[in-house]
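Chemist:
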Amino acid sequence: MAEGLTVTRMGYGAMQLAGPHVFGPPADRAAAVAVLREVVALGITHIDTSDYYGPYVTNQIIKQALHPYPDDLHLVTKVGARRDAEGNWLQALAPDQLRQAVYDNLDHLGLDVLDVVNLRVGGLGSPEPGSVAEPFSVLAQLQQEG
């Protein structure tokens with residue numbers, strides 16, 4: 000986490016705000032917006048999200064519901080995957096993919112800086128083979144760039 004970042008022990012995972020199977024828009028966008036506003040009203044100070052939920056849908060709903068964001072709200076996103084046109088989950092760990100994912104998250108959330116970026120490696124079944132050194136070095140470089 001960012002140095003000095005304080006969040007509530009419980010956060011809200013926004014994955015299910017998108018449509019079925021985390022793909023496409025929700026059946027009731029107004030209800031999704033209401034859920035997010037209630038989460039913040041209840042004192043939750045961090046929301047877990049990603050631009051590959053939907054794709055793009057969840058971050059757009061978060062922005063619609065909460066932007067401009069309260070000072071104590073921290074959005075935690077993740078990169079390292081993407082969705083194809085059929086909704087399949089695909090790995091996206093190449094440096095250009097990671098860099099673009101960070102910029103897409105910033106844009107869709109309406110932010111200049113992300114407090115926390117998690118790296119998703121592998122699928123639901125087992126970890127992917129190989130080193131995470133290169134993907135983490137890309138994220139570290141982006142952090143240094145601000």
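Residues in the sequence shown are numbered from 0 upward in steps of one, following numbering that gives the first Met the number 0. Glycine included, each C-beta is placed from N, C-alpha and C at the ideal position.
1. Check residue 104 in the structure and name its three-state DSSP category.
2. For residue 105, I'd like the list of residues in its chain whose CB is within less than 8 Å of its CB, leaving aside the five on either flank, ordered along the chain.
3. Name, in chain order, the residues that DSSP records as bridge partners for residue 89.
4. Compare the Cα-Cα distances from residue 129 to each of 27, 33, 93 and 102 and report the closest residue.
5. Do you know how far the Cα of residue 25 is from the Cα of residue 16?
6. Within 10 angstroms of its Cβ, does residue 79 collect 16 or more other Cβ (buried), or is it exposed?
7. How do the segment 64-81 and the segment 43-53 stand: do at least 3 beta-carbon pairs fall below 8 Å, yes or no?
8. Where DSSP assigns a beta bridge to residue 22, which residues make up the other side?
9. Taking 8 Å as the limit between beta carbons, can you name the residues of its chain near residue 107, skipping five residues before and five after?
Modeler: In terms of the structure at hand:
1. For the purposes of this step, residue 104 is taken as the residue at position 105 of the sequence shown. Correct three-state label for residue 104: helix.
2. Numbered from 1 along the sequence shown, position 106 holds the residue referred to as residue 105. Cβ within range, chain order: 111, 112 and 113.
3. Counted from its first residue, the sequence shown places residue 89 at position 90. DSSP, once it has assigned bridges, lists 81 as partnering residue 89.
4. Position 130 of the sequence shown, counted from the start, is the residue given in the question as residue 129. For residue 129, the nearest C-alpha among the options comes from 93.
5. Numbered from its first residue, the sequence shown carries residue 16 at position 17. Numbered from its first residue, the sequence shown carries residue 25 at position 26. Roughly 6 Å between the two C-alpha positions.
6. Stepping through the sequence shown from its first residue, residue 79 is reached at position 80. With 16 or more Cβ atoms within 10 Å of its Cβ, residue 79 is classed as buried.
7. yes
8. Within the sequence shown, residue 22 is the residue found at index 23, counting from 1. Answer by DSSP bridge pairing, in chain order: 53.
9. Start at 1 with the first residue of the sequence shown, and residue 107 comes out as number 108. If we look at residue 107 and ignore the five residues flanking it on each side, its Cβ neighbours are 50, 55, 58, 59 and 62.
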